[in-house]
Amino acid sequence: MGETSARMESVLADIYIKSKCELCGLSRAQFDNILAEIGRKYLPADSTQNEVCDFYASLRVEELALARACATGNEHAWEVFLTRYREKLYEIAGYITKESSTARELADSIYADLYGTVRRDGERASKLASYTGRGSLEGWLRTVMAQEHVNRYRRQRRLVSLDEEAEEGAQFATAEPETAIVADPRVEGAVDEVLAALGPEERFVLASYFLDERTLADIARSLGVHESTISRKLDKLAKSLRKQILASLGRRGMSRRQAQEALEVDVRDLRVNIRSRLAQETGRPAFSKKKAETPAGDGS
Amino acid sequence: MAEIPKIVKQRLQANAKLADHPEPNLLSAFLERSLGQREQSEVLRHLSLCMNCREIVSLSGAQPNVAGVVSLTPSRAAWLLWPALRWGAAMACIIVVGAAITVHQRHESVQHPATRASLSSPSKSTQAIPDMAALSRSPNLNPGPVQAAKQRTSRSNSGNHRAADSIPVEMADAKMPSPFAEVVPGRAKDAVAPSDAEPATGGAAMNSPTSGTFFPDDLAAENLAPRWTLSWDGVLQRSLDSGRTWQTVPVASHLILRALAANGLDIWVGGKAGALFHSSDAGQHWAQVFPTANGQSFVGDIVGVEFRDTLNGKLTSSNREIWITSDAGQSWQKQ
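So the sequence lines, in the order shown, correspond to chains A and B.
For the first sequence, our numbering gives the first residue as 1, with consecutive numbering after it.
For the second sequence, our numbering gives the first residue as 1001, with consecutive numbering after it.
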């Protein structure tokens, strides 16, 4: 027990030196509290001290110290942060929005959140206080900006004026005809069974490519592999899915021919209450580079 | 690309169940592969079900200038699943082993006379066959421009194979202070090559490495895409293990770096008062570059360096000046 505590003390001391907290005005006690708070957030309650030590050692402590010092309003830390990230904020916003005025607006808004102009209980609430050092500070900023952009886009979509809708033709779009063909529950069951057996990575690849219409390069970047790997994986998955669904339909009493026909039926012809099944996020892809076709039968 | 039946797409979409969304800390760490196995799987599981988070990950991961954050190395296991390639690999192994045996036999036949000569004349043999152990102990020995170039070529050609006899030389090279004694204004490439006339003491004009040990061969040996970052106090750092540990890479002492661009082996860093350094060998050697355009020098604090490829780059100063180059820093234009 004593040895473990000694190791913890030594790790915390090392981390404090590595974080260069003293340069940005954070005391050892303050930084230890920050680490403890992050540990409580991510580690299971029954973690051993060795696990806690390893976890602390894996954090980006220098950037964590800088972010937390900025959140407390340390002038020197802000100076360093601005020198390093001010320009980057605008660059990242530009890459995300692809339009200069929107980019500036997004970057300014994030900057305000980071600085913490909103005051709660007389204290400045800076977004930087939520950075936990799990990844790089720059990566976190990119994700925060992307999240803000997606939220703004969704808010904006809810506020589209009737004129704009009319321009887009949405207002006068032909209503989806009430379909008459009933989906065979065996097909749904077979597809669900096969999809449920997929691993998260396979499902991610399928959903990204076929639902979100992401490019191979985009998916590959997210998973840290080459796009040819994704291409092969998709090809293999598509073939194996079809084969497994046909087999499952066979087990459910369908002949080979019936099963093949059932799979070829256009889903738009099937009366499936998608609205009840769709989660709010799984609507039409918002930012796909490729032109997204309106999801069939989305109930609108 | 094979298509999937529409019913599969529809069920894929319909079965999405929303849970609590991962926070930006986890999403960014997921992209940078900094999470543990369990958390990485949990985030991936969520992403496989949540279009909103996939959208965010896709937007934040699509940023350039993420210096080597994402390894684009093709999955080796997946390649080897292809039977033809598996056979090809087996054939290649046979050829390589055969070639190695042949070369080894020839090398032995050449080496025997040299060994005999060394018995009769020790001082001469020291020059003919350098003592590798001594090389590794000596911090200032430089393999020379031609040898260094050969080593770099062999590294880039051989991929993850490290020739056993080159280790000590590489280590000595790595410990050597950065050779930017020959600073050529506006010409990055010329300044990179180590000088033959360089004194054995390391050269007073060079800034010695500040801290950390840098072994560029580890990069090739482990076949990992290195990540580069700047610490908040302006020190260049490199990670070979997906961001778990970071090594300090010495550039120049007392210099606070504020901008970084990494493009394969080409690394550019910039800092206060127009200090711009370039390495064309993944940080082994550094050359200071003095951008000049129409007789005017770049003197502002560099806050942004961006290189889309090895030739075309952009510098941004704190006073919003933008300078561009289209020839790897040999000439610059002010915008």
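All residues carry an ideal CB built from backbone N, CA and C; glycine is no exception.
(request) Would you please verify whether the beta carbon of ASN1319 of chain B is less than 7 Å from any beta carbon of chain A? (result) no
(message) Residues of chain B with CB closer than 8 Å to the CB of THR83 of chain A, please, in chain order.
(response) ARG1258, ASP1301, VAL1303 and SER1318
(request) For VAL1008 of chain B, decide whether its Cβ has a neighbour in chain A, counting only Cβ atoms nearer than 7 Å. (result) yes
(message) Can you give me the C-alpha to C-alpha distance between LYS1334 of chain B and ARG214 of chain A, rounded to a whole angstrom?
(response) 37 Å
(request) Inspect the beta-carbon positions of GLY1274 of chain B and ALA1259 of chain B and report whether they are closer than 7 Å. (result) no
(message) Tell me which residues of the stretch 12–36 of chain A have at least one Cβ-Cβ distance to chain B shorter than 7 Å, keeping chain order.
(response) LYS20 and LEU23
(request) Can you pull the chain B residues whose beta carbon is under 8 Å from the beta carbon of GLU188 of chain A, in chain order? (result) ILE1007 and ARG1011
(message) Let me see if you follow: with CB-CB separation under 7 Å, is LEU107 of chain A close to chain B or not?
(response) The question names Leu, yet the displayed sequence has Ala at residue 107 of chain A. No, its Cβ sits nowhere closer than 7 Å to a Cβ of chain B.
(message) Would you call the stretch 1022–1036 of chain B in contact with the stretch 132–142 of chain A, where contact means no fewer than 3 C-beta pairs closer than 8 Å?
(response) yes
(request) Ignore the nearest five residues each way along the sequence and tell me which others in CYS70 of chain A's own chain have a CB closer than 7 Å to its CB. (result) ALA77, TRP78, PHE81, SER126 and LEU128
(request) Per DSSP, which residues does VAL1305 of chain B bridge with? Please list them. (result) B:LEU1315
(request) Verify whether the separation of the beta carbon atoms of GLY224 of chain A and SER1028 of chain B is less than 7 Å. (result) no
(message) Under 7 Å, Cβ to Cβ, is there at least one residue of chain A near PRO1024 of chain B?
(response) yes
(message) Measuring alpha carbon to alpha carbon, tell me which residue in B:ASN1312, B:PRO1226, B:LEU1230 and B:GLY1234 is nearest ASP1241 of chain B.
(response) B:PRO1226
(request) Could you check which residue in A:ILE245, A:GLY25 and A:ILE230 has the C-alpha nearest to that of ARG186 of chain A? (result) A:ILE245
(message) Just to confirm my understanding: we take HIS1046 of chain B, look at its own chain, exclude 5 residues before and 5 after, and list those with CB closer than 8 Å. What are they?
(response) ALA1019, HIS1021, PRO1022 and CYS1053
(message) I'd like to know if THR215 of chain A contacts chain B, where contact means its C-beta is closer than 7 Å to some C-beta of that chain.
(response) no
(request) Could you tell me which of A:GLU37, A:ILE38 and A:ILE17 sits nearest to ARG28 of chain A, measuring between CA atoms? (result) A:ILE17
(request) Answer yes if the stretch 1247–1265 of chain B comes into contact with the stretch 1307–1320 of chain B, meaning at least three C-beta pairs across the two stretches below 8 Å, and no otherwise. (result) yes
(message) Determine, for LEU1059 of chain B, whether the minimum Cβ-Cβ distance to residues of chain A falls below 7 Å.
(response) yes
(message) For LEU1230 of chain B, list the residues DSSP reports as bridge partners.
(response) B:LEU1236
(request) From the DSSP output, read off the bridge partner residues of ASP1020 of chain B. (result) Beta-bridge pairing links ASP1020 of chain B to no other residue.
(request) With distances taken Cα to Cα, identify the nearest neighbour of LEU89 of chain A among A:ALA146, A:VAL205 and A:ALA259. (result) A:ALA146
(request) Would you identify the three-state DSSP class for TRP1268 of chain B, choosing helix, strand or coil? (result) strand
(message) Just to confirm, is the Cβ distance from PHE210 of chain A to LEU1044 of chain B under 7 Å?
(response) no
(request) Can you pull the chain B residues whose beta carbon is under 8 Å from the beta carbon of TYR131 of chain A, in chain order? (result) ASN1025
(message) Just to confirm, is the Cβ distance from ILE1004 of chain B to LEU241 of chain A under 7 Å?
(response) yes
(request) Could you work out which residues of chain B lie near ARG257 of chain A, taking near to mean beta carbons separated by less than 9 Å? (result) Those do not exist, as ARG257 of chain A stays about 15 Å from chain B at its closest Cβ, beyond 9 Å.
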